[in-house]
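Heads up: the structure comes next, in structure tokens.
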Amino acid sequence: MRILAKLIASLIILIVTALFVVVVLLHTRYSTPVFNTVSQTLLPGKLTAAQVGYHWRSPLQLTLIQPDYQASQTDWHADKLQLYIDPATFPHIAWLRIDGMDIDLDALDANPFQELPQGLTIGRVLLSDVTLHTRHWQATNVRAQLDNWQKGSQAYGTVKGRAQWEIGSLNGQGIALTQLLLDAKPSDQGWEILGASMQWQRAAISAQGHWQPGTLALEQLTISDAVIDSDQTRQILAQALAAWPHDTVLTVARADVRQLSAETHLLSVNQLTFSAQNLRFAPNAPWWYQPAMRLSFNADYLRWQGQTWEQPLGDIEWRDNTVIVNQLTSQLQEGFFAVSGQFTQNNWQIDRFQANGLTLSRQELDPLQALLPGIPTQLSITSLQLKHNEWLNLSPDFATKISGIDVDGQSLEIRDGELVNGLITASANHASINQQWIAEPYLRLEAHDRKLQLHQFLLGFPDGQLALSGQINLAAPSRPWSLAVDGLQIPLSIYHAWFDWPLPLDGFHDIEGQWSGLAADAHSFKVGLNGQLAVTFLDSAAAQTDLSVDQPWSIRLAHWLKGETVPPEESRLVPLPFASLTLNADRGDIRATLNGEQTLSLRWPIYQATEPNLSE
């Protein structure tokens with residue numbers, strides 16, 4: 361035992377002496393070769409330095425200038441390395457600081473730290489002036505503070521404490537980010553993001569949340585003063601977003617975007633501010649599918665498809681397959697519109713729809729209609745208010761202009777394109793419909809349980825007026841209907857201009873009649889048609905060609921009723937030799953008489969014949 365004690369004491373003396381010699385040598389000009397020799401003996405891999413800094417006043421701290429560490433197939437080089445060993449945690453490193461590194465992540469070995477013992481722990485790792493890059497991106501001026509780094513079995517080790525990163529610039533996918541900051545700490549299954557921020561062009565971006573494999577859940581995302589100034593910028597952003605990992609779901613509890621401006625070929629927006637809650641972007645799901653999102657927004661203006669929407673304001677919710685529009689308003693052209701309600705694919709429940717002072721056309725409505733999923737089978741409108749609007753169609757085939765349109769609808773319910781309940785009143789100041797002038801048209805229509813009542817339909821002409829009234833019961837299987845017509849000084853040209861009937865007539869006529877029948881199908885209409893009609897022709901004329909001069913009027917009318925229209929460039933107007941028309945229908949058997957200078961009789965049992973029989 362005495363000999364063993366002497367051996368142990370001698371060994372301790374040798375170790376202390378060796379350490380003392382090393383410490384002494386580290387204070388001399390031989391410090392660097394001594395360190396390089398000792399490190400190769402004691403450490404895995406090969407660690408060398410161009411210069412070693414050491415002082416006895418800090419015996420547990422070491423500084424290496426231009427250190428180089430080679431392990432496996434990886435070569436690490438830095439401008440400066442400092443480490444400190446705390447006796448309380450020895451042999452683990454208390455802190456390690458590395459300055460000035462350039463790391464090509466693509467060139468690293470799959471397990472670059474495999475030479476280090478798995479039990480190695482560093483209380484705090486400090487990085488400064490580091491550059492990281494791959495084939496696709498580059499990060500410069502990187503600084504980091506990583507607490508409680510443990511080698512373990514992971515290729516790059518594991519940070520068990522707080523991690524703080526600062527990146528001067530990050531370039532990749534055509535996007536340049538600056539002033540990136542990240543503050544995070546580990547949680548049970550991932551990382552809690554205490555704060556993250558960055559700059560993109562003039563935009564400031566910040567976020568908080570949590571990350572775990574397969575999910576990035578942000579509690580708050582804020583973007584301020586972003587500018588998308590070209591289609592190229594938009595495409596770059598789209599490509600960058602497309603690179604998002606396909607196995608990771610992104611959720612955002614609340615996103616605030618402030619003062620966003622964009623100027624692209626498809627869309628322009630200025631000073632857009634919006635707040636969105638409960639966003640979710642999942643792999644293989646369209647970005648616009650948001651089962652529980654709420655969105656509120658406002659902007660100076662939004663320009664899309666040639667239309668400028670000024671001061672748009674909205675508050676919209678998504679609940680599974682239902683879109684709830686609490687408020688959606690905007691100034692448009694020189695007018696205003698507002699809408700609110702609930703919308704599903706097959707059921708629209710509109711609480712309020714208002715539009716004032718708008719000039720609309722098919723060309724302007726087509727892009728909006730293309731955004732809609734389709735026409736719903738059920739549509740209800742509690743309040744419909746249209747004031748001082750205009751409809752414009754410049755098509756040369758059927759030019760239309762209706763000015764001063766006012767529509768008032770209350771408790772409207774439409775199913776499969778049929779008005780089931782509600783009251784609608786419509787009027788206009790004047791209209792020009794395919795070169796036919798109309799003054800103060802008016803409509804009042806009411807429905808109760810699919811029983812429609814046309815109280816009044818008025819069309820004012822320059823010298824006369826047409827009035828219609830009627831009803832139809834859509835609830836009954838046979839769909840019985842009735843119609844009354846009364847008109848004075850009605851232009852005969854409307855039949856050809858509006859309905860493309862082969863009746864090239866000119867002049868005016870008075871009309872009075874009552875009709876009734878069934879509308880379940882075409883057959884029931886033909887066998888159920890009843891009524892009478894009386895027409896008085898006033899200063900009337902008909903188009904005639906040179907070839908039809910010698911034809912009797914029975915043949916001319918037969919051609920017209922067959923759809924054989926007289927070419928206008930080959931015709932001239934001649935007086936119509938008829939003063940009146942009397943027509944009666946009894947269960948689909950139509951009998952008519954044209955009286956005047958000549959007399960023509962017509963019989964047409966529409967339920968069995970496709971053409972009428974005319975006789976003089």
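Quick note on the numbering used here: the sequence shown kicks off at 361 and runs consecutively. A virtual CB, placed ideally from N, CA and C, is assigned to each residue, including glycine.
Looking at C-alpha atoms only, which residue of P646, Q671, L889 is the closest neighbour of I950?
Ranking P646, Q671, L889 by Cα distance to I950 puts L889 first.
Which runs of the beta strand (DSSP E) spanning at least 3 residues fall entirely within the stretch 822-864, listed in chain order?
Whole beta strand (DSSP E) segments, 3+ residues: 825-833, 840-851.
What are the start and end residues of the alpha helix (DSSP H) that includes S884?
Where S884 is concerned, the enclosing alpha helix (DSSP H) stretches over 882-888.
Could you check if N681 is buried or exposed, using at least 16 other CB atoms within 10 Å of its CB as the buried criterion?
When all chains shown are included, N681 counts as exposed.
Along the alpha helix (DSSP H) that carries L601, what are the first and last residues, could you check?
Where L601 is concerned, the enclosing alpha helix (DSSP H) stretches over 591-602.
Taking S787 as the reference, which of G824, Q745, D823 has the closest Cα?
Answer by Cα proximity: Q745.
Quick check on I762: buried or exposed, where buried means 16 or more other Cβ atoms within 10 Å of its Cβ?
Burial call: buried.
Span of the alpha helix (DSSP H) holding L732?
Segment: none, L732 is in no alpha helix (DSSP H) and carries neither H nor E.
Look up W664 in the DSSP assignment and say whether it is helix, strand or coil.
Three-state result, W664: strand.
Can you tell me which of H606, R804, L486 puts its alpha carbon nearest to the alpha carbon of V502?
Nearest option by C-alpha distance: L486.
Could you give the residue range of the alpha helix (DSSP H) that holds S914?
Counting along the chain, the alpha helix (DSSP H) containing S914 begins and ends at 913-921.
Quick one: residues in its chain with C-beta nearer than 8 Å to the C-beta of P733, no 5 flanking neighbours on either side, listed in chain order?
Here the set comprises Q705.
Please return the same chain residues whose Cβ sits closer than 6 Å to the Cβ of A613, not counting the five positions on each side in sequence.
Once the five neighbours on either side are set aside, the close Cβ partners of A613 are E579.
In the DSSP assignment, what are the bridge partners of Q524?
Paired residue(s): Q505, D543.
Could you have a look at E976 and say whether DSSP puts it in helix, strand or coil?
Of the three classes helix, strand and coil, the one that applies to E976 here is coil, per DSSP.
Among I915, Y649, A504, G534, which has the Cα closest to the Cα of I596?
For the residues I915, Y649, A504, G534, the minimum Cα distance to I596 belongs to G534.
As a quick exercise: from P477, L728, D464, R495, pick the residue whose alpha carbon is nearest that of G405.
With distances taken between Cα atoms, G405 lies closest to P477.
Q874: which of I453, Q561, G847 sits nearest, CA to CA?
For the residues I453, Q561, G847, the minimum Cα distance to Q874 belongs to G847.
Count the other C-beta atoms from every protein chain shown that fall within 10 angstroms of the C-beta of I774, then say buried if there are 16 or more, exposed otherwise.
Buried, by the Cβ-count rule.
Apart from the five residues on each side of it in sequence, which residues of its chain come closer than 7 Å, Cβ to Cβ, to A880?
Excluding positions up to five away in sequence, the list reads P837, S838, R839.
So what's A467 in DSSP terms, helix, strand or just coil?
Correct three-state label for A467: helix.
Where are the beta strand (DSSP E) runs, 3 residues long or more, that stay fully inside the stretch 748-825, in chain order?
Listed in chain order, the complete beta strand (DSSP E) runs (minimum 3 residues) inside the stretch 748-825 are 760-775, 778-787, 790-793, 796-808, 811-820.
Looking at I445: is its Cβ nearer than 8 Å to the Cβ of L420?
Result yes, Cβ atoms of I445 and L420 sit closer than 8 Å.
What residue from L752, S755, S621, A645 has the CA that sits closest to F634's CA?
It is S621.
Among V934, N833, A448, V895, which has the Cα closest to the Cα of A902?
Per the Cα distances, V934.
Taking its Cβ as the centre, do 16 or more other Cβ atoms sit within 10 Å of H856, making it buried, or is it exposed?
Buried: at least 16 other Cβ atoms inside 10 Å.
Would you mind reading off the limits of the beta strand (DSSP E) that contains M653?
Premise fails: M653 is in no beta strand (DSSP E) and is neither H nor E.
Classify P427: buried if its beta carbon has 16 or more other beta carbons within 10 angstroms, exposed otherwise.
The residue is buried, with at least 16 neighbouring Cβ atoms inside 10 Å.
So who's on the other strand from Q498, going by DSSP bridges?
Note: Q498 sits in a beta bridge opposite H493, N531.
In whole angstroms, give me the CA-to-CA distance for M653 and Q637.
Whole-angstrom Cα-Cα distance: 5 Å.
Going by the CB atoms, is the gap between A567 and A556 shorter than 8 Å?
Yes. Within cutoff.
Give the straight-line distance between the Cα atoms of A430 and T593, rounded to the nearest whole angstrom.
Residue identity check: residue 430 is Gln in the sequence provided, not Ala. Each residue's alpha carbon lies about 43 Å from the other.
Whole angstroms are fine: how far does the CA of W669 sit from the CA of M558?
If you take the alpha carbons of M558 and W669, they lie about 32 Å apart.
In this structure, does DSSP put R722 in helix, strand or coil?
R722 falls in the helix class under three-state DSSP.
Where does the unbroken beta strand (DSSP E) through F340 begin, and where does it stop?
Here the chain covers residues 361 to 976 and nothing more, so residue 340 does not appear.
By a C-beta neighbour count over all protein chains shown, 10 Å radius and 16 as the cutoff for buried, is F859 buried or exposed?
It counts as exposed.
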